[in-house]
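If you read the protein sequences in the order shown, they are chains G and Z. Per the numbering used here, the first sequence starts with residue 29, numbered consecutively. Per the numbering used here, the second sequence starts with residue 1485, numbered consecutively.
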Amino acid sequence: MSTDVKIPQASTQAHHSDPKGVKLPIYMDNHATTPMDPRVLEEILPYFMEKFGNSASRNHSFGWAAEEGVETARERIAKLVGATTKEIIFTSGATESDNLAIKGVAEMYREKGNHIITAVTEHKAVLDTCKRLEKYGYRVTYMPVQKDGLIDLDDLKRAMDDKTILVTIMAANNEIGVLQPVAEIGKLCHERGVIFHTDATQYVGKVPMDVNKQNIDLASISGHKMYGPKGVGALYVRRKNPRVQISAIIDGGGHERGMRSGTLNVPGIVGLGKACALAQEEMPKESCTLAGLRNRLRDRIMNRLDEAYINGSTEHRLPGNLNISFAYVEGESLLMGINDIAVSSGSACTSATLEPSYVLKALGTGDDLAHSSIRFGIGRFNTEAEVDYVADRVIETVERLRELSPLYEMAKEGINLKDVKWAGEAH
Amino acid sequence: MSYSDKVIDHYNHPRNVGSMDKASTDVGTGLVGAPECGDVMKLQIKVNRETNVIEDAKFKTFGCGSAIASSSLATEWVKGKTVDEALAIKNMDIVKELSLPPVKIHCSVLAEDAIRAAIGDWKKKQEATTPVAAEAK
């Protein structure tokens, strides 16, 4: 998301004292990152001082202990996504995984073709990688999305040609949480002998995933979006039906079967593995709880405020995601009003580029409503009391800012804002 | 992004929020910015025709905290000034007073534009209501 995280200052000047059952500030930006689960931390700690060995040291017990930790993690990750251990490559995170998958396929299959298909709502780690490949002579199709944020499978069919080597479409969007029809996309790719990569950063551990049933050839995975540590990720690389090969982008000692050199981040990898094991165990119950909290937040807000619009499909969506545009209120000013709550906005004012969210614009959301959007990311450690507090604070702040908004006043007077000439002079 | 104490104060306690009758000949209205750009300011002034002194000012703003603070400050500053004195307010004065960072300078530019637009609107009304103009009808 072109959204930045709003972090409440320690010296919060909010007038609200800690309400019952709620500790302030509240973290509800779990698509940006998640706090580490204490059980993950516990698992990691021995790997800093006792089991500090290099997992590539084959000749002593220090190396073996580290290797054992790494291989346990590999099994846990593989199990969570329905893969085999040899298909998991460790990286520094999902951005590296996306780069490795896309550039790795582009280079390896250059003789077969030079065409890549992606979508306009992808994460910058995918979009910017594709843009770089365009400079090297690759052709990239950036597919539009429908109003609900999902791609049209017929568009995908039409976009494919005999030079297409790779389709890269994310499993779950980081801003609006919509779930793309991954299995169907994979099926189309396999019918045409095209490799299918999915950025599954927001998806793994939240929604059941099976690389075989979903026809996925490459999948990017991140630790810190699923209660694991930052700076560690993985790439799933299919070994058969079909066997997918990728060129390395980091050369060196030939670690990770030559696909990713560099001494392994053993504590990080152990943490990622534990996070996957926890997700596997708790996903059925957790996704239900998160959807319940999300729906509670949604209903409380939508029942009290008019002209609030949910961005993206409500049906195909991550359980913890809610993205709402509050008409006539600018997103950053809303964040400022709820500064004891950490959420994100698609407002231009929160981004370096002064452009509002490209994801929301791709849905056909006008720039005005893109400026007015807030992303709520509910996670494992949020509570019902927090959701109620957040809903109340959002409602009262939106109401206050609407009283301050000339647009709200004009709309109430019956003026159609679309008909107004915004020339910068008095009307 | 962190805000200066003054921006936070104006955001939490905006001065002179409201609207005046834009049809009144004593009132000048400036509406600047665009919703697509994320900032719209409406600034209104009520001017004493005898003295040219701005006796009251009101604003409403759609925009970030810095935009709200810039327009709130603008209403405070124009009140009690003559029209000509108000026209001398420059955006950099607002930047300095609110300690706006470079990315928020456009908020102060918009506030200056709003003052000028409101005064321009008021002046136009005065020209239209001079005896000569009235006779011309």
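From the three backbone atoms N, C-alpha and C, an ideal C-beta is built for every residue, glycine too.
Contact set for residue i: own chain, Cβ-Cβ below 6 Å, skip 5 residues either direction
| i | result |
| --- | --- |
| Z/Glu1539 | Lys1530, Asn1532 |
| G/Gly214 | Phe224, Gln242, Asn243, Ile244 |
| G/Leu207 | Ala200, His344 |
| G/Gly205 | Arg345, Leu346, Asn349 |
| G/Tyr356 | Arg430, Ser433, Leu435, Tyr436 |
| G/His218 | Asn243 |
| Z/Lys1609 | Thr1509 |
Contact list for residue i against chain G, beta-carbon separation under 7 Å
| i | result |
| --- | --- |
| Z/Ser1503 | Glu437 |
| Z/Lys1526 | Pro434 |
Beta-carbon proximity check, residue i vs residue j, cutoff 8 Å
| i | j | result |
| --- | --- | --- |
| Z/Ala1601 | Z/Val1516 | yes |
| G/Glu115 | G/Arg267 | yes |
| G/Arg421 | G/Ile369 | yes |
| G/Ala247 | G/Val239 | yes |
| G/Asn127 | G/Thr146 | no |
| G/Ile193 | G/Lys131 | no |
| G/Asn410 | G/Leu321 | yes |
| Z/Gln1528 | Z/Lys1506 | yes |
| G/Pro21 | G/Gly392 | Outside the displayed span of chain G (29 to 455) sits residue 21 of chain G, for which this structure offers no information. |
| G/Leu263 | G/Ile117 | yes |
| G/Asn58 | G/Gly405 | yes |
| Z/Gly1502 | Z/Val1524 | no |
| G/Tyr231 | G/Val68 | no |
| G/Asn142 | G/Lys185 | no |
| G/Tyr386 | G/Ile54 | no |
| G/Ala305 | G/Arg104 | yes |
| G/Ala419 | G/Val50 | no |
Alpha carbon of residue i to alpha carbon of residue j, nearest angstrom
| i | j | result |
| --- | --- | --- |
| G/Ala468 | G/Ser250 | Coverage of chain G is limited to positions 29 through 455, which leaves residue 468 of chain G absent and any answer about it impossible. |
| G/Ala101 | G/Leu300 | 7 Å |
| G/Gln242 | G/Thr169 | 22 Å |
| G/Lys258 | G/Ala199 | 20 Å |
| G/Val133 | Z/Val1491 | 50 Å |
| G/Pro312 | G/Leu155 | 32 Å |
| G/Lys449 | Z/Thr1513 | 15 Å |
| G/Thr317 | G/Pro236 | 15 Å |
| G/Gly281 | G/Ala106 | 24 Å |
| G/Pro401 | Z/Pro1519 | Here the sequence assigns Ser to residue 401 of chain G, which means Pro is not the residue at that position. Rounded to the nearest angstrom, the two C-alpha atoms are 13 Å apart. |
| Z/Val1567 | Z/Ile1603 | 7 Å |
| G/Gly221 | G/Thr112 | 22 Å |
| G/Thr425 | Z/Pro1498 | 14 Å |
| G/Leu388 | Z/Glu1569 | 44 Å |
| Z/Thr1613 | Z/Trp1606 | 11 Å |
| Z/Ile1552 | Z/Thr1545 | 6 Å |
| G/Ile274 | G/Asp176 | 33 Å |
| G/Ala319 | G/Gly394 | 28 Å |
| G/Met364 | G/Thr119 | 36 Å |
| G/Asp65 | G/Glu310 | 12 Å |
Neighbouring residues, chain Z, relative to residue i (Cβ below 7 Å)
| i | result |
| --- | --- |
| G/Tyr356 | Phe1546 |
| G/Glu360 | Cys1548, Gly1549 |
| G/Leu445 | Pro1519 |
| G/His399 | Gly1522 |
Neighbourhood of residue i by C-beta, 7 Å cutoff - its chain only, sequence neighbours within 5 removed
| i | result |
| --- | --- |
| G/Ser39 | Legend: pLDDT at G/Ser39 = 42, less than 50; position of this residue unreliable, value from coordinates given subsequently. Excluding sequence neighbours, G/Ser39 sits near nothing in its chain. |
| G/Glu71 | Val298, Gly299, Lys302 |
| Z/Val1579 | Ile1589, Ser1592 |
| G/Met330 | Ala336 |
| G/Gln308 | Lys107, Leu108 |
| G/Ile179 | Ala147, Met171, Val173, Ile197, Gln208 |
| G/Ile35 | Unreliable positioning characterises G/Ile35 in this predicted model, as indicated by a pLDDT of 42, which lies under 50. A coordinate reading is not provided. |
| G/Gly81 | Phe90, Gly91, Ala93, Ala94 |
Beta-carbon neighbours of residue i, restricted to chain G and to distances below 8 Å
| i | result |
| --- | --- |
| Z/Pro1498 | Leu432 |
| Z/Ile1552 | Ser361, Leu432 |
Own chain, CB closer than 8 Å to residue i, minus 5 neighbours either side, in chain order
| i | result |
| --- | --- |
| G/Lys79 | Phe90, Ala93, Ala94, Gly97, Val294 |
| G/Val415 | Leu321, Arg324, Leu325, Arg328, Ile406 |
| G/Ser289 | Ala276, Ile278, Asp279, Gly280, Gly281, Gly282, His283 |
Beta-carbon neighbours of residue i, restricted to chain Z and to distances below 9 Å
| i | result |
| --- | --- |
| G/Met188 | Simply none; closest approach about 35 Å. |
| G/Ser375 | Gly1522, Cys1548 |
| G/Met254 | Within chain Z, no residue comes near G/Met254; the closest Cβ sits about 28 Å away, beyond 9 Å. |
Closer than 7 Å: residue i CB and nearest the ligand ADP heavy atom
| i | result |
| --- | --- |
| G/Lys185 | Absent from the structure shown: the ligand ADP. Ligands present: none. |
Please name the residues in the segment 1509–1521 of chain Z whose beta-carbon is closer than 8 Å to at least one beta-carbon of chain G, in chain order. From the segment 1509–1521 of chain Z, only Gly1512, Thr1513, Gly1514, Leu1515, Val1516, Gly1517, Ala1518, Pro1519, Glu1520, Cys1521 have a Cβ closer than 8 Å to chain G.
Name, going along the chain, the residues of the segment 383–397 of chain G whose beta-carbon falls closer than 8 Å to a beta-carbon of chain Z. Residues of the segment 383–397 of chain G with a C-beta less than 8 Å from any C-beta of chain Z: Pro384, Gly394, Asp395, Asp396, listed in chain order.
Residues in the segment 61–80 of chain G with C-beta within 9 Å of chain Z's C-beta atoms, listed in sequence order? Legend: CB atoms of the segment 61–80 of chain G lying less than 9 Å from CB atoms of chain Z are not found in any residue.
What are the residues of the segment 85–96 of chain G that lie near chain Z, defined by any Cβ-Cβ distance shorter than 9 Å? For the segment 85–96 of chain G, which is checked against every Cβ of chain Z, not one residue is closer than 9 Å.
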